[in-house]
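Protein chains in written order, with the working numbering: chain P, 3 to 268; chain G, 54 to 490.
Think of the CB as a built atom: it goes at the ideal place given N, C-alpha and C, for glycine as much as any other residue.
In this text, all values refer to a predicted model and were calculated from it rather than measured experimentally.
Here the structure is laid out as structure tokens; the discussion comes afterwards.
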Amino acid sequence: MKLNKIDLDNLPNEGLDSVTEIERRSFLKVGLAISGVFAGGKILSVVSKVNEVYASSSEFTEKYPYSPHYSMVVRQGLCIDCELCIKACKETNEVPDYGYRTRILTKTVSDAIGRKQEFIPTLCNHCNEPPCCRACPTKATYKDPNNGIVMMESSKCIGCKMCVLACPYEARYFNAKRRAIDKCNFCWDTRLEKGEKLTACSNVCPSGARIFGDISDPENVVYKMVHQIEKQVWVLRPESGSKPNVFYMKATRSSPWDLRRQADAR
Amino acid sequence: MVKIQKETAERWGYSGIGALFSSKPHLFLMLLFGAVAAWGYAVGIDGFFKGYHHVYGVTRQIPWGLLISAYIFCVVTSTGLCLVSSIGHVFGYEPYMPIAKRAVFLSITFMLAGFTIIFFDIENPFRMAVYNVISPNFTSNMWWMGTLYGLYLLSLGIEYFFLLDQNHSMSRFAGILGVIFGVAAHSNLGAVFGMLHGREFWYGPYMPIYFIVSAMMSGGAAIIFFTCLAWKMNREILDHRMERAVKAVCQLTTMLIAVIMFFTIWKIISGIVAPEKYLAIMAFVTGPHALTFWLFEVAMGMVIPFFLLLRSKGTNYGLMFSATAMMLVGIFFMRYNLVLAGQLVPVFHGLGVEEYSGLLPYFPSYHEIAVAIAGLSLAITGFLFGEKILNAHQFQKHEIVPAGAFICPGCGGIHYKKEGETHEEALQRHHRIRKAK
Chain P
3 MKLNKIDLDN LPNEGLDSVT EIERRSFLKV GLAISGVFAG GKILSVVSKV
53 NEVYASSSEF TEKYPYSPHY SMVVRQGLCI DCELCIKACK ETNEVPDYGY
103 RTRILTKTVS DAIGRKQEFI PTLCNHCNEP PCCRACPTKA TYKDPNNGIV
153 MMESSKCIGC KMCVLACPYE ARYFNAKRRA IDKCNFCWDT RLEKGEKLTA
203 CSNVCPSGAR IFGDISDPEN VVYKMVHQIE KQVWVLRPES GSKPNVFYMK
253 ATRSSPWDLR RQADAR
Chain G
54 MVKIQKETAE RWGYSGIGAL FSSKPHLFLM LLFGAVAAWG YAVGIDGFFK
104 GYHHVYGVTR QIPWGLLISA YIFCVVTSTG LCLVSSIGHV FGYEPYMPIA
154 KRAVFLSITF MLAGFTIIFF DIENPFRMAV YNVISPNFTS NMWWMGTLYG
204 LYLLSLGIEY FFLLDQNHSM SRFAGILGVI FGVAAHSNLG AVFGMLHGRE
254 FWYGPYMPIY FIVSAMMSGG AAIIFFTCLA WKMNREILDH RMERAVKAVC
304 QLTTMLIAVI MFFTIWKIIS GIVAPEKYLA IMAFVTGPHA LTFWLFEVAM
354 GMVIPFFLLL RSKGTNYGLM FSATAMMLVG IFFMRYNLVL AGQLVPVFHG
404 LGVEEYSGLL PYFPSYHEIA VAIAGLSLAI TGFLFGEKIL NAHQFQKHEI
454 VPAGAFICPG CGGIHYKKEG ETHEEALQRH HRIRKAK
């Protein structure tokens with residue numbers, strides 16, 4: 003192929019006379035806007051800063067690949083560690099004594115003023131990009147194509163415990179009775195599939211710390227709680243990049259977001 | 054039992070079952086290690102029926118423990134044996150050729166020993182055979198590792214068969230496949246750890262690279278160790294060529310120790326400056342695992358053997374034997390430390406919660422130790438068995454020395470004679486020694 007050579011060196015200089023003041027200014031503005039020099043690069047940069055503000059990327063908060071896209075909001079300040087959720091989970095899903103699908107962690111800040119302790123419920127985060135599903139050699143654990151729940155097909159599980167290691171949220175354990183890894187599936191087989199609207203844990207939670215719903219539905223409470231900028235919403239261990247579907251936020255009794263309890267049927 | 058024809062037996066260097074009974078101490082050792090292996094597997098089967106979660110020390114937070122470490126030790130050694138020996142009989146570098154038979158035999162032995170150990174770690178090993186085939190997950194490193202190791206073992210088997218059968222072009226072809234599958238499988242084993250993005254300590258390309266290099270180091274150590282051991286049992290195995298081969302492997306191993314030392318140094322330094330790795334690294338540098346790290350992994354696995362091997366100059370068999378024996382112990386702890394390191398720091402440590410404020414505890418249980426010992430004893434039994442029944446893996450005269458050539462008593466290499474030349478004349482010509490007038 004033959005290219006027409008442009009002899010750049012010997013082109014006549016057009017000079018700056020033909021460039022107007024306004025053109026020069028707008029050119030500079032574009033450059034400054036892209037590099038985000040205005041406002042310290044925090045607000046007006048073309049390069050997205052949304053990751054620093056929200057837990058997940060904007061693409062993730064705007065687009066939900068499943069319908070319904072089940073999700074949970076944990077309102078950290080409201081949890082009182084009554085462990086009713088753990089009990090309900092054990093009863094509903096036949097969880098043995100040596101294991102758990104959900105757990106409440108205790109955080110103590112001894113030099114805090116006022117309240118010194120808070121509780122952090124944890125469970126499977128039903129990540130959009132679950133490391134466990136990638137790691138499983140036999141597709142025994144998989145992302146449900148309809149509702150996005152990370153499911154287990156117990157009969158395929160070989161018990162290599164690769165997924166236990168891969169999980170960033172310590173949500174998996176080996177269940178000897180099932181002869182497979184067991185984990186939270188948002189009570190899919192025990193409740194949701196049978197027409198219930200809530201998981202066992204969010205159903206019994208007396209303080210409204212666990213709010214369960216469909217985040218792809220703008221009318222849903224979970225959608226409303228995550229899509230606002232008045233209160234910060236975050237996820238646990240965002241650095242693992244797994245795009246979790248369990249969101250955390252602070253809420254107190256006086257908070258406008260305080261629903262005493264999630265209504266059983268919405 | 055397959056009846057082996059006399060002619061085939063001769064070609065294979067097969068000495069018959071009777072050879073096992075030729076030396077009483079040897080037979081006693083073999084039965085001893087066999088019995089230890091049988092005991093360990095019996096304990097493992099006991100654990101299988103009681104339920105592993107009752108008898109193993111592994112927990113929900115530390116799901117992989119001693120058994121995975123022992124499995125990794127076995128397959129690392131196997132891959133290393135295959136890779137180091139392939140330098141000779143696959144890639145054609147002549148000094149490495151005499152080690153081929155023993156190395157490939159041991160490679161198969163260690164691989165099988167490793168598989169028996171992992172059998173007792175996996176909860177449903179029988180489901181694995183079915184669903185690995187009918188429900189494969191191509192994004193899973195675990196799947197690739199299992200599948201590629203299967204292919205690797207198959208290639209090793211074919212390679213070894215043709216080595217025995219003295220069909221060296223075919224064994225070379227199978228050897229190339231063995232090297233390819235070996236490297237692929239082994240780097241995948243590294244990636245099993247290296248691709249866990251929820252575990253910062255392991256995540257990254259370091260693991261697969263480290264696994265391949267350290268495999269070659271282990272392989273070199275294993276070749277020297279087992280050749281020295283074989284030499285202690287049967288002094289006839291060392292001819293000039295074998296001596297030269299051991300020397301060459303010794304040089305390579307020394308260099309690889311230096312490489313792994315650098316890997317370890319940078320792992321520590323980079324870990325100390327990275328906040329997410331700091332705790333795990335410090336657990337080994339000053340924390341509860343400092344003994345296994347400094348004494349076993351660093352001193353016994355690298356530093357002392359490095360100087361001993363340097364001092365031995367590849368010719369002092371006593372020194373080389375003790376150096377590589379130490380190395381094998383050290384390398385075992387190297388694997389153990391590596392498996393634990395990524396799990397010691399709880400995944401929720403960063404939350405600052407009470408439950409996960411410190412490092413997680415793990416200590417192997419009786420059942421785990423028994424199965425790990427069983428696997429290693431099986432490998433040693435296999436080695437002892439192979440030495441006797443396969444005539445110490447010796448090459449036959451015509452395999453080593455082609456027609457018209459001879460082994461040089463001076464350098465151990467193969468020299469070709471020109472027509473009408475005597476041994477002495479050829480030797481002088483090769484080494485450019487002027488004839489005395």
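| Item | Value |
| --- | --- |
| Span of the beta strand (DSSP E) holding N177 (chain P)? | Y175 to N177 |
| Is the beta carbon of F359 (chain G) less than 8 angstroms from the beta carbon of I310 (chain G)? | yes |
| May I ask you to list, following chain order, the residues of the segment 140-160 of chain P that have a beta carbon less than 8 angstroms from some beta carbon of chain G? | T140, K141, A142, S157, K158, C159 and I160 |
| Give the interface partners of I122 (chain P) over in chain G, defined as CB-CB distance under 9 angstroms, in chain order. | F401, L404 and V406 |
| Indicate the three-state DSSP secondary structure (helix, strand or coil) for H484 (chain G) in the structure shown. | coil |
| Is there at least one Cβ from chain G nearer than 8 angstroms to M164 (chain P)'s Cβ? | yes |
| Compute the Euclidean distance between the alpha carbons of Y263 (chain G) and I313 (chain G), then round it to the nearest angstrom. | 8 angstroms |
| Any C-beta of chain C within less than 9 angstroms: which residues of the segment 240-256 of chain P qualify? | Looking for chain C here will not work: the only protein chains present are P and G. |
| Between P:F29, P:D19 and P:C84, which lies nearest to P208 (chain P) when the distance is taken from Cα to Cα? | P:C84 |
| Short check: CB of Y259 (chain G) to CB of A238 (chain G), under 8 angstroms? | no |
| Report the residue from P:S112, P:C138, P:Q119 and P:L13 whose alpha carbon sits nearest the alpha carbon of M248 (chain G). | P:C138 |
| Which partner residues does H107 (chain G) have in the DSSP bridge list? | Per DSSP, none; premise fails for H107 (chain G). |
| For G93 (chain G), which residues of its own chain have a beta-carbon under 8 angstroms away from its beta-carbon, when the five flanking residues on both sides are left out? | A423, V424, A425, I426, A427, G428 and S430 |
| So with CB distances below 7 angstroms, who are the chain P contacts of T192 (chain G)? | R136 |
| Whose Cβ in chain G lies nearer than 7 angstroms to the Cβ of T104 (chain P)? | None at all; the shortest Cβ gap to chain G is about 13 angstroms. |
| Mind pulling the chain P residues with CB within less than 9 angstroms of W347 (chain G)? | What W347 (chain G) touches in chain P: nothing, since even the nearest Cβ is about 26 angstroms away. |
| How about the segment 478-485 of chain G and the segment 292-312 of chain G: do they share at least three Cβ pairs that are nearer than 8 angstroms? | no |
| Rank G:M195, G:W65 and G:R288 by C-alpha distance to the C-alpha of V245 (chain G) and give the top, closest one. | G:M195 |
| Verify the CB distance criterion: does E172 (chain P) have a CB-CB separation below 8 angstroms to chain G? | yes |
| Do L242 (chain G) and M198 (chain G) have their CB atoms nearer than 8 angstroms? | yes |
| Given that M181 (chain G) touches chain P, what residues does it touch there, using C-beta distances under 7 angstroms? | I160 |
| Here's a check: name, in chain order, each residue in its chain whose Cβ is nearer than 8 angstroms to the Cβ of V235 (chain P), leaving out the five neighbours to either side. | Y56, A57, V75, M227, V228, F249, Y250 and M251 |
| Tell me the rounded alpha-carbon separation between L344 (chain G) and F459 (chain G). | 51 angstroms |
| Applying the 10 Å Cβ sphere with the 16-neighbour rule, what's the burial state of P151 (chain G)? | buried |
| Hey, is R485 (chain G)'s beta-carbon within less than 8 angstroms of any beta-carbon in chain P? | no |
| Using 8 angstroms as the threshold, is the C-beta distance between I211 (chain G) and V143 (chain G) below it? | no |
| Starting from T280 (chain G) and walking both ways along the beta strand (DSSP E), at which residues does that stretch end? | No beta strand (DSSP E) contains T280 (chain G), which is instead part of the alpha helix (DSSP H) from Y259 to M286. |
| Quick check on the DSSP output: what are the complete alpha helix (DSSP H) runs of length 4 or more inside the segment 336-418 of chain G, in order along the chain? | 357-365 and 370-397 |
| In chain order, what are the residue ranges of uninterrupted alpha helix (DSSP H) at least 4 long that sit wholly in the segment 155-208 of chain P? | 164-168 and 202-206 |
| Applying the 10 Å Cβ sphere with the 16-neighbour rule, what's the burial state of D184 (chain P)? | buried |
| Inspect the beta-carbon positions of W117 (chain G) and K163 (chain P) and report whether they are closer than 8 angstroms. | yes |
| Which of the three DSSP states, helix, strand or coil, is assigned to L13 (chain P)? | coil |
| Considering only C-alpha positions, which residue in the set G:F374, G:C461, G:I334 and G:M387 is nearest to G354 (chain G)? | G:M387 |
| Using DSSP with H/G/I as helix, E/B as strand and the rest coil, what is L332 (chain G)? | helix |
| According to DSSP, what are the bridge partners of P123 (chain P)? | P:I106 |
| Just to check my reading of the structure: L80 (chain P) and A253 (chain P) have Cβ atoms closer than 8 angstroms, yes? What is that Cβ distance to the nearest angstrom? | 5 angstroms |
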